[in-house]
Amino acid sequence: MWCTAYIHLLNQTDIREASTSLFFRKNCLSIHCAAGKRWAPSSGIDEPIYLQFSSTNACNAWLALLRSYALPEIYGRWFFPTEGGSYRMWRQVDLTVIQGRNLGNSKPFETLDDDNDSASEPDPIDLDVYCDILFSETLCARTTVKKGIGSPQWHEIFLLSDLPPFESLDIWVWQEKKLFKPSILGTVRIALNNFPRGEAIEGWFPVLQNGSIASDIQVGELRLKIRVDEEIILPSSTYHKLLETFNARNFLDWMAEFETKLKLKSLGSQLMAISIANNTAIEQVQEIAHREVDGSQSSHTTLFRGNTILTKIVELCMKWYGKAFLEASVGPVIRRLIAEKVAIEVDPMRTPKGAKEAEKGVDLLIYWCQEFWKQIYSVREECPPEMRRLFCTIRELVEERFAGAFQEKRDLRWQGVSAFCFLRFIVPAILNPHLFHLYPGLPTPPVQRSLTLIAKVIQSLANLNYNVQKEEFMRGVKGFLADSVPAMVDYIVVVSTPVKDTRTGKTPDWHERSNVINALKLRVSSMPILYRESIPTLPHTLDVPRHLALVTSAVIRHSRTYFTEDRPSAEDKDLHEFCARCFEVEEQALLRVSQLAAQLSANQQRRHYSFPYPSTNPIYAHPSSPGPSSPSGRSGRPSTAPDAEHSRTRLLPDSPEVTPSGPSSPMTFQPRNKLLHFKSSSTDSIGSRFAKDAPSLPSVLVSTSSSIDVDDAKRKRGLLRGIWRR
Numbered sequence: 000m001w002c003t004a005y006i007h008l009l010n011q012t013d014i015r016e017a018s019t020s021l022f023f024r025k026n027c028l029s030i031h032c033a034a035g036k037r038w039a040p041s042s043g044i045d046e047p048i049y050l051q052f053s054s055t056n057a058c059n060a061w062l063a064l065l066r067s068y069a070l071p072e073i074y075g076r077w078f079f080p081t082e083g084g085s086y087r088m089w090r091q092v093d094l095t096v097i098q099g100r101n102l103g104n105s106k107p108f109e110t111l112d113d114d115n116d117s118a119s120e121p122d123p124i125d126l127d128v129y130c131d132i133l134f135s136e137t138l139c140a141r142t143t144v145k146k147g148i149g150s151p152q153w154h155e156i157f158l159l160s161d162l163p164p165f166e167s168l169d170i171w172v173w174q175e176k177k178l179f180k181p182s183i184l185g186t187v188r189i190a191l192n193n194f195p196r197g198e199a200i201e202g203w204f205p206v207l208q209n210g211s212i213a214s215d216i217q218v219g220e221l222r223l224k225i226r227v228d229e230e231i232i233l234p235s236s237t238y239h240k241l242l243e244t245f246n247a248r249n250f251l252d253w254m255a256e257f258e259t260k261l262k263l264k265s266l267g268s269q270l271m272a273i274s275i276a277n278n279t280a281i282e283q284v285q286e287i288a289h290r291e292v293d294g295s296q297s298s299h300t301t302l303f304r305g306n307t308i309l310t311k312i313v314e315l316c317m318k319w320y321g322k323a324f325l326e327a328s329v330g331p332v333i334r335r336l337i338a339e340k341v342a343i344e345v346d347p348m349r350t351p352k353g354a355k356e357a358e359k360g361v362d363l364l365i366y367w368c369q370e371f372w373k374q375i376y377s378v379r380e381e382c383p384p385e386m387r388r389l390f391c392t393i394r395e396l397v398e399e400r401f402a403g404a405f406q407e408k409r410d411l412r413w414q415g416v417s418a419f420c421f422l423r424f425i426v427p428a429i430l431n432p433h434l435f436h437l438y439p440g441l442p443t444p445p446v447q448r449s450l451t452l453i454a455k456v457i458q459s460l461a462n463l464n465y466n467v468q469k470e471e472f473m474r475g476v477k478g479f480l481a482d483s484v485p486a487m488v489d490y491i492v493v494v495s496t497p498v499k500d501t502r503t504g505k506t507p508d509w510h511e512r513s514n515v516i517n518a519l520k521l522r523v524s525s526m527p528i529l530y531r532e533s534i535p536t537l538p539h540t541l542d543v544p545r546h547l548a549l550v551t552s553a554v555i556r557h558s559r560t561y562f563t564e565d566r567p568s569a570e571d572k573d574l575h576e577f578c579a580r581c582f583e584v585e586e587q588a589l590l591r592v593s594q595l596a597a598q599l600s601a602n603q604q605r606r607h608y609s610f611p612y613p614s615t616n617p618i619y620a621h622p623s624s625p626g627p628s629s630p631s632g633r634s635g636r637p638s639t640a641p642d643a644e645h646s647r648t649r650l651l652p653d654s655p656e657v658t659p660s661g662p663s664s665p666m667t668f669q670p671r672n673k674l675l676h677f678k679s680s681s682t683d684s685i686g687s688r689f690a691k692d693a694p695s696l697p698s699v700l701v702s703t704s705s706s707i708d709v710d711d712a713k714r715k716r717g718l719l720r721g722i723w724r725r
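Numbering (numbering that gives the first Met the number 0), first residue to last: 0 to 725.
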């Protein structure tokens, strides 16, 4: 026996997906067990427990099952006993580590205030560096090692979802040396509580020695892009009218209106997730495809080449349904090419040895194109049924609408399918494997050049035109293209022919997974509503109330400007109704928060510290409140949306903290921070009609820009330092 974890004592946020960057393995779960919630023969075991599963579906099934035994973060259980509580919370951090500069060069931190600090850049230092990302002092992700002269380029994206209450996000910068253990270079510490919600902040963050706020020694900078989300999730019944309005139209029509009228371009995945939960996503995309393919003679030359709502949503569908298919198609070959550090060059002007070296490069390029194409072709039968239905619709539409053009352009129907399958899916994955989670980090420039040349050839093959090569030095691949065109046509026929979904019958773990799903259904059937809805819906781990809450917040935030300009129009009727439904949901959220705040205040006035409250007490706000061993001593209660009358209210001081030691054990108390108040969990939580009553916020929270103007050095440094120091 290595370890025993008491899942019933854990919070649901303690059980979450583990980043692939930790072990270079997919389908992993991490179980974070604090002291007293695990047992082990050795007292030295204190890191999370990591579990790897054979498939994504198996990982999702066990994630849902384990969370069904853990405690959700639910508030106000007394107000809505039939629903299990008033609301629940959800948090996420989207972090992109872009690059570093001046790493290893020490200088006083205050020199950032100088106007000409960039005029005298220090000499770069040759370093091999990587970054550890820690949330609440627990390692949760890691970048790759970059070799460079003080300015490494990462461009690596980390999505940390289903997080517990925010504390700090630390980025440790490590230096590697041969024959020595890695040594820490410096730390970036970010106080997430002070970040605006729902907006991306991008800029240079100082790397300080030892991460101390009192330290004056800066050892470089990291360019980061951070988006922090924190939302109140109400019971699904609260979103009933909003969902009815949403289902009255095609979700792509909503997406088009949000983009054109509200300038809101980040809701595609949320809207599609709701449609997938309703089992209408593919049908609605097919409906839009029928509208977009108009059959005009001018459109067949640029068919599906532009960025339209249809092309964007099909891209999302392919990424959603085709992860495993893409991995099987190009993942193994890409990793092999990068591991072997293959450098291909066919341009005589780029090679030091001229034409002879370029001829060898052509042979090497043909070899690797054959390797890629053989792998892509061999897994054509694994194309998901959802993608096949979409490709079939596209092929049939092109055949129907462009029937007259087939005499002069017979390949148009195949090119219509390849415009999605290759131009927007497989070829971009070859060009940028890190964006599709096929390889961690950016390849070296020579390897990136090899991938670019291979992608170019594969796209020419997908276009079914082997005479398309304009450069003289690329004409050597003409023979490969001519020989492979028939196989490409066969590939397109296969992936655009619908078949019955037999995936569940083929998977070796299907029987075990079905037992897990059946056990989960039995458990969920007896749970209160909010408990039941906190468990993700299989197989895609959907959470419809959460998706609706994110849509509501984004629409409210972006609709203020549009509707305050007094442009009444009959065309805006549907959008007006949708926004009205969003404000109704927001009013419900404000009402529930104010009810809880009022009850908390009343209970604290008559509470005696020695009185043991039962576990259903509405003030028992967070099942994961820090115990006596917590280093921060901070309340686990999240920030929540204020109501207009209580936005400046402070609750009574010295309220006790409630911490469970088990499902039926008595409660123990811990002093809470002196000032406890309910404030907005996001900048988009308060409707415009409440804005005049809202309390004044720090300048860092009222920025209307989604990113920092990197050209305005003083403004950028002031904002970032304000965030960092808080």
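Positions of the beta carbon are idealized from the N, C-alpha and C atoms, including for glycine.
Would you mind working out which of the options sits nearest residue i, comparing C-alpha positions?
i, options, result
"His31", "Ala17, Leu270, Glu256", "Ala17"
"Met254", "Val187, Lys240, Lys572, Met271", "Met271"
"Gly202", "Arg226, Glu166, Glu175, Ile216", "Arg226"
"Leu363", "Val446, Arg188, Ser236, Arg87", "Val446"
"Gln51", "Asp125, Thr81, Trp61", "Trp61"
"Ser20", "Ser42, Leu191, Cys139, Thr244", "Cys139"
"Leu389", "Lys145, Phe257, Cys420", "Cys420"
"Ala63", "Leu411, Tyr530, Ala354", "Tyr530"
"Val345", "Ala338, Glu339, Gly353", "Gly353"
"Pro497", "Glu385, Thr137, Pro439, Thr551", "Glu385"
"Leu452", "Pro163, Lys520, Gly475, Leu233", "Gly475"
"Ser105", "Gln208, Leu590, Ala601", "Gln208"
"Tyr238", "Leu519, Gln604, Cys578", "Cys578"
"Leu732", "Leu549, Asp573, Ile48", "Nothing about residue 732 can be read from this structure; the chain reaches only from 0 to 725."
"Phe250", "Ser495, Leu336, Lys318, Ser274", "Ser274"
"Thr244", "Lys572, Gln603, Arg188, Leu590", "Lys572"
"Gly35", "Asn26, Ser29, Asp45", "Asp45"
"Phe134", "Arg87, Phe179, Val187, Lys145", "Val187"
"Pro71", "Cys58, Arg423, Tyr86", "Tyr86"
"Lys359", "Ser495, Cys391, Phe472", "Phe472"
"Thr95", "Asn602, Pro40, Cys130, Pro47", "Cys130"
"Cys58", "Thr536, Thr560, Glu585, Val554", "Thr536"
"Ile48", "Arg423, Trp38, Asn56", "Trp38"
"Ala4", "Pro40, Ala518, Gly305", "Pro40"
"Thr560", "Arg400, Leu315, Phe257, Tyr376", "Phe257"
Are the CB atoms of residue j and residue i within a distance shorter than 8 angstroms?
i, j, result
"Thr78", "Gln587", "The sequence shown places Phe at residue 78, not Thr. For Phe78 and Gln587, no; Cβs fall outside 8 angstroms."
"Arg76", "Ile534", "no"
"Val313", "Val284", "yes"
"Val172", "Leu191", "no"
"Leu261", "His546", "no"
"Leu480", "Tyr490", "no"
"Thr12", "Pro163", "yes"
"Ala288", "Leu309", "yes"
"Trp372", "Ser483", "yes"
"Pro444", "Gly83", "no"
"Gly103", "Gly267", "no"
"Val426", "Arg412", "no"
"Pro442", "Leu450", "yes"
"Ala454", "Leu430", "yes"
"Lys224", "Ile97", "yes"
"Gly43", "Ala553", "no"
Tell me residue i's beta-bridge partners as DSSP assigns them.
i, result
"Val172", "Cys130, Gly185"
"Thr95", "Ile156, Lys224"
"Lys146", "Asp127"
"Cys27", "Gln51"
"Pro107", "Ile216"
"Ile555", "DSSP, once it has assigned bridges, lists no residue as partnering Ile555."
Quick one: measure Cβ to Cβ for residue i and residue j, integer angstroms, because I've assumed they're closer than 8 angstroms.
i, j, result
"His575", "His154", "That belief does not hold up - the Cβ atoms of His575 and His154 are roughly 41 angstroms apart, past 8 angstroms."
"Gln374", "Val332", "5 angstroms"
"Leu221", "Ile170", "6 angstroms"
"Gly330", "Leu437", "5 angstroms"
"Val378", "Ala327", "4 angstroms"
Below 8 angstroms, can you find three or more Cβ-Cβ pairs linking the region 155-169 to the region 79-91? yes
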